[in-house]
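Colleague:
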Ligand SMILES: Nc1ncnc2c1ncn2[C@@H]1O[C@H](COP(=O)(O)OP(=O)(O)O)[C@@H](O)[C@H]1O
Ligand SMILES: [Mg+2]
């Protein structure tokens, strides 16, 4: 048997880099955290600029509150946050980020630069970071109100990661997916996504647009035309639901299921399944709806202290809340289905079928055998002439 290995404490930079790799696994994770920070800072316009699917450059400019100059030295350290001070705050917190980990993590796996201006400062300040620490002095500069965060050479020091992320196009698609979903969920905020060097932006929504405007801008007119609003409130389970879902006339091969819980983009396989099942009654097999749902749960019922990359969420009273949400979708779809019968186009179609297919078929079966047909008393007895007249009138 060999000697046991000596146990050594890992170097702090190594520990932080491992932790960072868990939080930020690809450009879209980093962007999601940065978007949420901009929204937390009450921005009304957010501009995202990319190079190589965010691997070379990922830049986000907002017009939010900005960061105070005196906070800049520690803003990229782990567990520094303006959103939480004591453990109990976790149960009432309503902002997106809460663990003070995003900027720190990014600074451990990329070159990070912040340019920020608050309303009570004449000028902006620029700071650069490496491994959570300021690199060089904070310099005054000119910039608009808000914050610009520039992330360059993501995973330059994690060769294994950059090897896995080979396709900038794939990363771009994932980023566009995240930006598009946040744009739909935040119609009061204007979003732009642009690739550097391109003249046309990939996503553009205006501040103060409507949900349907943004669904159209991101997913196209064919979906925007077919969605209706759904609203539901459950006082007993203490949750609200709002969203836009396609009616039963619409079906697509590629499913879109966008779910926000307490304003954070998440996945819930159980809820998705329940909603899909409801639609499967109405849609042709292999057909899927477009669903955007936003659930607001009592913060006490959500475990907000989950890992930032953990998209799949669970919450208290999950089964009951999902059942309540499913019923709301069911009621909406049934209501829509009922009103569907009154579409003139449908009525014409049904009338033609009744007159030309159904009645002739019934009439054929109601013809008495020749022997009896001549016996008027029998046919009169069962009222056949009246019945025939009804058919003839049709
Ligand atoms: N775009 C931004 N505008 C204003 N403040 C920001 C912005 N991004 C980050 N901050 C500040 O930096 C802090 C740290 O951000 P982050 O590492 O994402 O942690 P968290 O969001 O969990 O607090 C935030 O609490 C916030 O005060
Ligand atoms: Mg954050």
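Residue numbers (UniProt numbering): 1 to 394. Glycine included, C-beta positions come from ideal geometry on N, C-alpha and C. Note that this is a predicted model, so its numbers are computed, not measured.
1) Secondary structure at residue 292, three-state DSSP: helix, strand or coil?
2) Use the C-beta contact count for residue 59: other C-beta atoms within 10 angstroms, 16 or more gives buried, fewer gives exposed.
3) Using only alpha-carbon positions, find the residue among 123, 44, 139 that is nearest to residue 113.
4) Could you tell me how far apart the beta carbons of residue 322 and residue 274 are, in whole angstroms, since I believe they sit closer than 8 Å?
5) Three or more C-beta pairs under 8 Å: does that hold for the stretch 282 to 296 against the stretch 235 to 254?
6) Tell me the DSSP bridge mates of residue 148?
7) Kindly examine ligand 1 and report whether one of its heavy atoms sits closer than 7 Å to the Cβ of residue 331.
8) Give the straight-line distance between the Cα atoms of residue 317 and residue 49, rounded to the nearest whole angstrom.
9) Can you check the stretch 179 to 230 for any alpha helix (DSSP H) of at least 4 residues that lies completely inside it and give the ranges in chain order?
10) In chain order, what residues of the same chain lie with their CB nearer than 8 Å to the CB of residue 266, ignoring the 5 residues before and after it?
11) Give me the DSSP bridge partner(s) of residue 130.
12) Since residue 117 and residue 128 should fall inside the 8 Å C-beta cutoff, what is the C-beta to C-beta distance between them, to a whole number of angstroms?
13) Does the stretch 226 to 235 touch the stretch 190 to 197, meaning 3 or more C-beta pairs lie closer than 8 Å?
14) By the three-class DSSP mapping on this structure, what secondary structure does residue 264 have?
15) For the stretch 181 to 192 against the stretch 147 to 160, do three or more pairs of beta-carbon atoms, one drawn from each stretch, fall closer than 8 Å, so that the two count as touching?
16) Quick one: using the 10 Å Cβ neighbour count with 16 as the cut-off for buried, is residue 122 buried or exposed?
17) Measuring only from the beta carbon, is residue 102 closer than 7 Å to any heavy atom that is part of ligand 2?
18) Using a threshold of 7 Å, is the CB atom of residue 33 nearer than that to any non-hydrogen atom of ligand 2?
19) Contact check, residue 23 vs residue 101 under 8 Å by CB: the rounded distance?
20) State the Cα-Cα distance for the pair residue 215 and residue 223, rounded to the nearest angstrom.
21) Give me the Cα-Cα distance between residue 281 and residue 302, rounded to the nearest whole angstrom.
22) Tell me the DSSP secondary structure of residue 55 in three-state form.
23) If you run the structure through DSSP and keep just helix, strand and coil, what is residue 257?
24) Give the DSSP bridge partners of residue 233, in chain order.
25) Please tell me whether residue 66 has its Cβ less than 8 Å away from any Cβ of chain C.
Modeller: The short version:
1) By one-based count along the chain shown, residue 292 stands at place 292. Strand.
2) As a first step, residue 59 is located in the chain shown; it is residue number 59 there, counting from the start. So residue 59 counts as buried.
3) For the purposes of this step, residue 113 is identified with residue 113 of the chain shown, where counting begins at 1. The candidate whose alpha carbon is nearest that of residue 113 is 139.
4) If you number the chain shown from 1, residue 322 lands on position 322. If you number the chain shown from 1, residue 274 lands on position 274. Residue 322 to residue 274, Cβ: 5 Å. Contact.
5) yes
6) Residue numbering aside, residue 148 sits at position 148 when the chain shown is read from its first letter. Answer by DSSP bridge pairing, in chain order: 61, 115.
7) On the chain shown, position 331 is the one that residue 331 refers to. Answer for residue 331: no, Cβ out of range of ligand 1.
8) Working through the chain shown from its first residue, we reach residue 317 at position 317. Working through the chain shown from its first residue, we reach residue 49 at position 49. Straight-line Cα distance between these residues: approximately 40 Å.
9) 211 to 219, 221 to 224
10) In the chain shown, the residue the question calls residue 266 occupies position 266. So the list reads 259, 260, 311, 312, 313, once near-sequence residues are dropped.
11) The residue given as residue 130 occupies position 130 in the chain shown. Paired residues: 133.
12) As a working mapping, residue 117 is identified with position 117 in the chain shown. As a working mapping, residue 128 is identified with position 128 in the chain shown. At roughly 17 Å, the Cβ-Cβ gap does not stay under 8 Å, so residue 117 and residue 128 are not in contact.
13) no
14) Translated into the one-based positions of the chain shown, residue 264 becomes position 264. Of the three classes helix, strand and coil, the one that applies to residue 264 here is strand, per DSSP.
15) no
16) Position 122 of the chain shown, counting from 1, holds the residue named residue 122. It counts as exposed.
17) Translated into positions along the chain shown, residue 102 becomes position 102. Residue 102 Cβ: within cutoff of ligand 2.
18) Along the chain shown, one-based indexing puts residue 33 at 33. For ligand 2, at least one heavy atom lies less than 7 Å from the Cβ of residue 33.
19) The residue you call residue 23 lines up with position 23 of the chain shown. The residue you call residue 101 lines up with position 101 of the chain shown. About 6 Å separates the two Cβ atoms, so the contact holds.
20) Position 215 of the chain shown holds residue 215. Position 223 of the chain shown holds residue 223. So the two alpha carbons sit approximately 8 Å from each other.
21) If you number the chain shown from 1, residue 281 lands on position 281. If you number the chain shown from 1, residue 302 lands on position 302. Distance between the alpha carbons of residue 281 and residue 302: 31 Å.
22) The residue labelled residue 55 in the question sits at position 55 within the chain shown. Residue state, collapsed to three classes: coil.
23) To locate residue 257, count along the chain shown from 1; it is residue 257. Strand at residue 257.
24) Taking the chain shown and counting its residues from 1, the one referred to as residue 233 is at position 233. Partner(s): 240.
25) Among the chains of the structure shown, chain C does not appear; only one protein chain is present.
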